[in-house]
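Sequence lines, in order, name chains A and B. All residue numbers for the first sequence refer to this note's numbering, where the first residue is 1 and numbers rise by one. All residue numbers for the second sequence refer to this note's numbering, where the first residue is 159 and numbers rise by one. Structure first, commentary second.
There are 2 protein chains.
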Amino acid sequence: MGQDHHGHDHGHDHTPASKEERMENARRVCQQHGERFTPLREHIFGLLIEADGPIKAYDLLDLLRPEHGSPKPPTVYRALEFFTRLGLVHRVEALNAYITCDHMHDGHSAEFFICETCDRVQERHAHDHSECIPKGFVIKRSVIEHYGSCVDCTAAAA
Amino acid sequence: MGQDHHGHDHGHDHTPASKEERMENARRVCQQHGERFTPLREHIFGLLIEADGPIKAYDLLDLLRPEHGSPKPPTVYRALEFFTRLGLVHRVEALNAYITCDHMHDGHSAEFFICETCDRVQERHAHDHSECIPKGFVIKRSVIEHYGSCVDCTAAAA
DNA sequence: CCTTGTTTGCTATAACATAGCGTTGTTTTG
DNA sequence: CAAAACAACGCTATGTTATAGCAAACAAGG
Ligand SMILES: [Zn+2]
Ligand SMILES: [Zn+2]
Ligand SMILES: [Zn+2]
Ligand SMILES: [Zn+2]
């Protein structure tokens, strides 16, 4: 189970964790990396979880505002850099947006399926590209984002 | 030949066209789409060809400047939108850069291998992702960019 | 020629992101 | 514990990327 036709887990069975579980996971990952899960970081990670999908840095900044005075861009960008470095958040390149990650990628890149109608995003481990890499090219990271229509929105459109 | 282990052409044998050929191709594609290849567009496409790799919009703007007075951002962004719409140029999302395309994608997306050491980019037709799409998801376009080290730079580093 | 639509130039502004610095708070070390 | 070292934070300022909107120039078709 969890194995697809390529012989490794693409996350098809991935059960989305609850918000509490996601927060706990973030706390644990920070500890494992010897990093601090400060109140500010927890606050921002909570907003990312609540967003429940890709969110833009400046929207995050707006959400941070009421409880946090008048935060400036570096505040949110620093947290995003931190979480991205720990693999807890991904940047969705073509949306200029950020999204939490529940996966244990372990060297895999992420692969996103993004519905442009309802804005929902499904994440998986990246499909294996090893068979079609130019000879000798060493991949350090991959950006893989598929844009289109999810099953529900496709059905609704018909 | 030109067929890889997945049974379709990924462009492994793709011979880079000369600059003149690339310009001619652009002219032809414009005609086929009933669009105008104006002097401004030709000028900008020429700069994109000369760049011979990903180039940023504002760098393009600088190159345009000497011959063209004082062009403003919309000038270059409009041309980039035009060429992108016709498939003559791709945006490299994670670089905020633009690059000419010699491929006949015909519904395929592009897939890029980008060396972060020498900045050279190899483009191919995208690897087929149809086997690992979430059930019912209809992909309209894909962003696939691999970052790492090309064969030459890997060898040079060792 | 006149109409219609496209392309271009321009001003202005929006949206996204980082540099650098001083302060505060935490951790480490003697 | 005290001093030193480091990490996180707040802030100002600026850099970078991209678009909106309008008017003039231009091309195409009747
Ligand atoms: Zn992930
Ligand atoms: Zn949808
Ligand atoms: Zn292409
Ligand atoms: Zn290289």
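A virtual CB, placed ideally from N, CA and C, is assigned to each residue, including glycine.
- Non-local beta-carbon contacts of B/H304 in its own chain, meaning distances under 8 Å to residues more than five positions away in sequence, involve E269, F270, F271 and I272 in chain order.
- When CB distances to chain A are screened at a threshold of 8 Å, the residues of the segment 275 to 305 of chain B falling below it are Q280, R282, H285, H287, E289, C290, I291, P292, K293, G294, F295, V296, I297, K298, R299, S300, V301, I302, E303, H304 and Y305, in chain order.
- Exclusion of the five residues before and after B/L206 leaves I213, L218, F241, V247, Y256, I257 and T258 as the residues of its chain whose Cβ lies within less than 8 Å of its Cβ.
- Counting along the chain, A/A57 sits inside the alpha helix (DSSP H) bounded by residues A57 to H68.
- Remark: the C-beta of B/R278 is in contact range of ligand 4, defined as less than 7 Å to any heavy atom.
- DSSP, reduced to helix, strand and coil, places A/S130 within a helical segment of the structure shown.
- Three or more beta-carbon pairs separated by less than 8 Å link the segment 69 to 85 of chain A to the segment 33 to 48 of chain A, which places the two stretches in contact.
- The beta carbon of B/A252 sits closer than 8 Å to some beta carbon of chain A.
- In this structure, the straight-line span from the alpha carbon of B/F295 to that of B/E225 is close to 47 Å.
- With its beta carbon at least 8 Å from every one in chain A, B/C259 lies outside the interface.
- Annotation: A/K135 is outside any alpha helix (DSSP H) and is labelled neither H nor E by DSSP.
- Look at B/T196 here: in three-state DSSP terms it is coil, with no helix or strand label.
- Distance between B/Q280 and A/R124, taken at the CA atoms: about 25 Å.
- For B/T312, the nearest CB of chain A lies under 8 Å from its own CB, placing it at the interface with that chain.
- Annotated three-state conformation of A/T100 is strand, per DSSP.
- Its chain contains P71 as the residues whose beta carbon lies nearer than 6 Å to that of A/L64, once the 5 sequence neighbours on both sides are disregarded; these appear in chain order.
- Annotation for B/D264 indicates a beta carbon at 7 Å or more from all heavy atoms of ligand 4.
- Not one heavy atom of ligand 3 sits closer than 7 Å to the Cβ of B/E193.
- Taking C-alpha positions only, B/A284 is separated from B/D264 by approximately 11 Å.
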